[in-house]
Each structure stands twice: as C-alpha cells, then as structure tokens.
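Trainee:
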Amino acid sequence: AAGAHIVNDVHGLQREPDIAHVAAETGAGLVIMHTGRGREKLADVIADQFLFLNRSLEIARDAGIPDDRIVLDPGFAFAKDGEENLE
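In case it helps, the numbering used here puts the sequence shown at residues -1 to 85.
1) Taking just the CA atoms, how far does Pro15 sit from Ile68?
2) For Ala22, collect the residues of the same chain with a Cβ closer than 6 Å to its Cβ; drop the 5 residues on either side in sequence, then sort them by chain order.
3) Alpha carbon to alpha carbon, how far is Phe50 from Gly25? Give it in angstroms, no decimals.
4) Look up Asp71 in the DSSP assignment and say whether it is helix, strand or coil.
5) Mapping the DSSP letters down to three states, classify Leu28 as helix, strand or coil.
6) Measure the beta-carbon distance from Met31 to Asp71 and round it to whole angstroms, keeping in mind my assumption that it falls under 8 Å.
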C-alpha cells in the first residue's frame, strides 16, 4: 500500500487473497468489488453478489481487517448488463 490509504480490489480478494494481508499489515482501508466473475449473464445477480461478497468479506476478516475498514462495492457495469445494474 506504499503510502496508500485505501486498497481497491476489483476481484473481491478471490484472485489474489494476499491483497487482504497487505491492507491488514498497513492499516489501509479495503474496497472489495463484485465483478460478476466474468460471466456474460448472471442467473440471479443479487444472490450472486451476496454469495461472492460474503466470501470476500470472510477472506478480509480472516486476514484481520476490521469491518470498519471494509467497503463492499456491488460493481455496477462490471460483467453486468443494464437490467442487472438496476437490480
């Protein structure tokens, strides 16, 4: 985090979970984003977001990041179509 106050992981810690340790060790805040995991059309975008972000939150907490330093980002327009963004 070399001087950064916030780490923004657009893959929700699920490609590189060690990013959570960087935020934990430096005291940086952490933004965890849902990307739709590269699928063209999600069966249920809301259920997928809850499942994905809960797993990401678990990774962050296991690394020792307190909840007050975590922001969950639904990832508008990332692997989602217009209708899914409105949901």
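Where a beta carbon is used, it is the ideal one built from N, C-alpha and C, also for glycine.
Mentor: Looking at the atomic coordinates:
1) 14 Å
2) Ala61, Gly62 and Ile63
3) 24 Å
4) strand
5) strand
6) 4 Å
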